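Trainee:
2 protein chains.
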Amino acid sequence: MSQSSLPPLPCTCATLRRTARALTQLYEDAVRPYGLRATQFTILQVLSLAGEVTQGQLGHILVMDSTTLTRTLAIMTRRRWITRRRGRDKREWQLQLSRTGALQLERALPAWANAQQLVKEQMDGGSEQLMKLANDLTNAITVKEDRRDE
Amino acid sequence: MSQSSLPPLPCTCATLRRTARALTQLYEDAVRPYGLRATQFTILQVLSLAGEVTQGQLGHILVMDSTTLTRTLAIMTRRRWITRRRGRDKREWQLQLSRTGALQLERALPAWANAQQLVKEQMDGGSEQLMKLANDLTNAITVKEDRRDE
DNA sequence: GCCAATTACATGTATATACATCTAATTTGC
DNA sequence: GCAAATTAGATGTATATACATGTAATTGGC
Chain A
744 MSQSSLPPLP CTCATLRRTA RALTQLYEDA VRPYGLRATQ FTILQVLSLA GEVTQGQLGH
804 ILVMDSTTLT RTLAIMTRRR WITRRRGRDK REWQLQLSRT GALQLERALP AWANAQQLVK
864 EQMDGGSEQL MKLANDLTNA ITVKEDRRDE
Chain B
744 MSQSSLPPLP CTCATLRRTA RALTQLYEDA VRPYGLRATQ FTILQVLSLA GEVTQGQLGH
804 ILVMDSTTLT RTLAIMTRRR WITRRRGRDK REWQLQLSRT GALQLERALP AWANAQQLVK
864 EQMDGGSEQL MKLANDLTNA ITVKEDRRDE
């Protein structure tokens, strides 16, 4: 089994980027009917779990440059999936899932769960292992200065 | 150990995309002094290993849309890292690493090896496991129609 | 061999992504 | 409390990425 049709790559980064592309195709096929991209779905889901967070905190959680989020959040705010208000610190935005956004997430959730289920089945128990290793690596290489919040 | 500073994400796709972003930062920091992006380095390395391939074959290997490669290859061809010539089938391009490209790869290789080594150390033996699981998943979800070449 | 279907790549468009640089707000030293 | 240093996010720019669609070449059916 596992009759490799893809040549292995010598580079860990290239390998994980390739897997991310493959997964992105699978998941975007799933949520496309709801007008969502992978990143957008992820942000909806994270906001739903995390409640109110600043743009910078969201960037930390996703290991994504805060200025990258400026563009994606602009799209999502325009579509009224997210509400933003200034925090006590007037430089930062407090972000929250709007009712529309929560509804949007709810609608797409079954399609996402299907993709998620398919991955679990294909990996035959290995998906938890994969997630754990991926998270260990992310934690290990994500710069420590990013901590201070806890 | 492994005092998780990052919250786990419920989504396999989001998790792997996050890891890919973290890895990309590490590896791009390494090869940036040589004017290379992660994707560009990967293409140099793959061409060095694979010899002459068509654009479509390269897309299969990287699980990347062939039309995406059009843009990246245009950049790399402009910089003379790659030579393209029409194949017997005049629709396709036969791609090859140029001497300049091979030199470019050679120059950046030690910096890449450092990043690679750092990942290996951080993962304490788990990096092979991670690569294997990632490749299994990629093979499992990559559409089978993509085979015919072997 | 011809026409229809398919294939390989190009192009238009939208989003994702990061870095350099900029501005405004906050924090730190004194 | 003020000036200097830092921080949060915005903006300009370049690349990465995929999909829809277009064009030219190839293949398949007859």
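Chains as they are written, first to last, in my numbering: chain A, 744 to 893; chain B, 744 to 893. Backbone N, C-alpha and C define an ideal beta-carbon position, used for all residues, glycine too. Note that the structure is predicted; figures quoted are calculated from it, not measured.
1. Counting along the chain, where does the beta strand (DSSP E) carrying residue 826 of chain A start and finish?
2. Could you check where the beta strand (DSSP E) with residue 838 of chain A kicks off and where it finishes?
3. Return the chain-ordered list of same chain residues with a C-beta closer than 6 Å to the C-beta of residue 853 of chain B, the five sequence neighbours on each side being excluded.
4. Please list the terminal residues of the continuous alpha helix (DSSP H) segment that includes residue 777 of chain B.
5. Can you pull the chain B residues whose beta carbon is under 9 Å from the beta carbon of residue 874 of chain A, in chain order?
6. Could you tell me whether the Cβ of residue 782 of chain B comes closer than 9 Å to any Cβ of chain A?
7. With C-beta atoms as the reference, is residue 868 of chain A less than 9 Å away from residue 879 of chain B?
8. Compute the Euclidean distance between the alpha carbons of residue 791 of chain B and residue 776 of chain B, then round it to the nearest angstrom.
9. Excluding the 5 residues flanking residue 890 of chain B on each side, which residues of the same chain have their C-beta closer than 8 Å to its C-beta?
10. Please report how far the alpha carbon of residue 872 of chain A lies from the alpha carbon of residue 751 of chain B, in whole angstroms.
11. Are the CB atoms of residue 762 of chain A and residue 759 of chain B nearer to each other than 9 Å?
12. Which residues in chain A sit within 8 Å of residue 777 of chain B, going by Cβ to Cβ distance?
13. For residue 812 of chain B, collect the residues of the same chain with a Cβ closer than 7 Å to its Cβ; drop the 5 residues on either side in sequence, then sort them by chain order.
14. Whose Cβ in chain A lies nearer than 8 Å to the Cβ of residue 885 of chain B?
15. Return the chain-ordered list of same chain residues with a C-beta closer than 7 Å to the C-beta of residue 788 of chain A, the five sequence neighbours on each side being excluded.
16. Short of 8 Å in beta carbon distance, which residues of its chain neighbour residue 837 of chain B, apart from the five on each side in sequence? Order them along the chain.
17. Where residue 808 of chain A and residue 833 of chain B are concerned, what is the direct C-alpha to C-alpha distance, given to the nearest angstrom?
18. Cα-Cα, which of B:771, B:765, B:779 and B:770 is closest to residue 846 of chain B?
Mentor: Per the coordinate set shown:
1. 825 to 829 is the extent of the beta strand (DSSP E) around residue 826 of chain A.
2. Per DSSP, the continuous beta strand (DSSP E) segment holding residue 838 of chain A begins and ends at 836 to 840.
3. Taken in chain order, the list of residues that qualify is empty.
4. Premise fails: residue 777 of chain B is in no alpha helix (DSSP H) and is neither H nor E.
5. Scanning chain B for C-beta atoms nearer than 9 Å to the C-beta of residue 874 of chain A yields 751, 752, 755, 758 and 759, reported in chain order.
6. Answer yes: the Cβ-Cβ gap between residue 782 of chain B and chain A drops below 9 Å somewhere.
7. Not closer than 9 Å, so no.
8. Straight-line spacing of the CA atoms in residue 791 of chain B and residue 776 of chain B works out to 20 Å.
9. Interpretation of residue 890 of chain B is limited by its pLDDT of 41, a score under 50 that renders its predicted location unreliable; the figure taken from the coordinates is listed afterwards. If we look at residue 890 of chain B and ignore the five residues flanking it on each side, it has no Cβ neighbours.
10. Looking at the two C-alpha atoms, the distance is approximately 13 Å.
11. Their beta carbons are under 9 Å apart, which means residue 762 of chain A touches residue 759 of chain B by this criterion.
12. Correct list: empty, because the minimum Cβ distance to chain A is about 15 Å.
13. Result list for residue 812 of chain B: 798, 801 and 802, in chain order.
14. Correct list: 748, 749 and 765.
15. Around residue 788 of chain A: 848.
16. Scanning its chain for C-beta atoms nearer than 8 Å, with the 5 sequence neighbours on each side dropped, one finds around residue 837 of chain B the residues 795, 796, 797, 827, 828, 829 and 830, in chain order.
17. Taking the straight line joining both Cα atoms gives about 43 Å.
18. Ranking the options by Cα distance to residue 846 of chain B, first place goes to B:779.
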